[in-house]
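Below: the structure, in structure tokens.
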């Protein structure tokens, strides 16, 4: 490891494990990650639209095995109602978090350490409530919110599996003279890894992680325990509200959006092969700037 620390911390985030999940597919997907010794963080929805997770005994057992294998189980809302942790009253947020943590304790022997809000949507009043319920990490995604002395760690996802040139991005980040390990959260849903093209692409990404020096795959809970100061440094820029707004404007820019869509459809049509390297290179540079925002490039 360069400078006695890794260059890149890879955190895979698989959202929406719930009573509706397919045990066979989830088992195969976990086996793929286990084969490469890459942990994955699983976003658990305890009562999706009222269906309790323990009504699907096979999924409950699978999550128990995943936990024992070193994967992290997180709370991904309570019912996964649309933007539930952005629009509901504070009292209802508290109730849902409390119930979610109680169910996680009942089913898995411990409450969740990480919270993933459904739809990546939340509001600042949520942070102290999360701290009071025992959470240490929140992971959301764009649009990012300003962070003024947050009581817990915030490790947001920017790179989505099907819209990001992950193999060249990982290699590029690992080659940079980064002063501290850079968190790269890759988020996806199990249904996005069903076709052979998507399965092969995930496998190739995992292979890239295994083969690239200075890259470590981890979970949210392990990342903040092993690199707490690093995680805080990479979010310091979000105390500047104007900078956060500029970042969000740049990330939501129509040109960037269209390029991400083009990358997705081009790779899927071509089974992962991109003959136009300029598109891939352009996206890698933009994602690197979005991830390492402390360099003031947003």
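In this note's numbering, the protein residues as written are 9 to 306. Where is the CB? At the ideal position from N, CA and C, for every residue including glycine.
CB contact flag (residue i, residue j, <7 Å)
i: residue 124; j: residue 82; result: yes
i: residue 276; j: residue 167; result: no
i: residue 299; j: residue 271; result: no
i: residue 251; j: residue 242; result: no
i: residue 95; j: residue 228; result: no
i: residue 160; j: residue 139; result: yes
i: residue 26; j: residue 48; result: no
i: residue 16; j: residue 223; result: yes
i: residue 46; j: residue 190; result: no
i: residue 23; j: residue 84; result: yes
i: residue 55; j: residue 105; result: no
i: residue 150; j: residue 259; result: yes
i: residue 31; j: residue 70; result: yes
i: residue 142; j: residue 119; result: yes
Closest residue to residue i among the options (Cα-Cα distance)
i: residue 199; options: 294, 55, 72, 210; result: 210
i: residue 285; options: 176, 193, 273; result: 176
i: residue 293; options: 264, 115, 207, 70; result: 264
i: residue 181; options: 35, 289, 71; result: 289
i: residue 179; options: 207, 163, 196, 219; result: 219
i: residue 153; options: 217, 60, 254, 141; result: 254
i: residue 230; options: 170, 69, 90, 122; result: 122
i: residue 50; options: 58, 21, 78, 43; result: 21
i: residue 13; options: 185, 274, 296, 267; result: 185
i: residue 43; options: 274, 68, 77; result: 77
Residue i (DSSP reduced to helix, strand or coil)
i: residue 194; result: strand
i: residue 222; result: coil
i: residue 248; result: coil
i: residue 137; result: helix
i: residue 266; result: helix
i: residue 156; result: coil
i: residue 100; result: helix
i: residue 24; result: strand
i: residue 9; result: Residue confidence is low: residue 9 scores 43 on pLDDT, short of 50, so the model does not pin down where it sits. No coordinate-derived value is stated.
i: residue 123; result: strand
i: residue 308; result: The requested residue 308 is not part of the displayed model; the chain covers only 9 to 306.
i: residue 17; result: strand
Neighbour-count burial assignment, residue i, 16 or more Cβ in a 10 Å radius
i: residue 148; result: buried
i: residue 172; result: buried
i: residue 63; result: exposed
i: residue 74; result: buried
i: residue 110; result: exposed
i: residue 164; result: buried
i: residue 195; result: buried
i: residue 108; result: buried
i: residue 202; result: exposed
i: residue 29; result: buried
Whole-number beta carbon distance between residue j and residue i, since they are thought to touch under 8 Å
i: residue 126; j: residue 92; result: 6 Å
i: residue 310; j: residue 72; result: Absent from the structure is residue 310, since the part of the chain shown begins at 9 and ends at 306.
Any non-hydrogen atom of the ligand HEM closer than 6 Å to residue i Cβ
i: residue 234; result: Absent from the structure shown: the ligand HEM. Ligands present: none.
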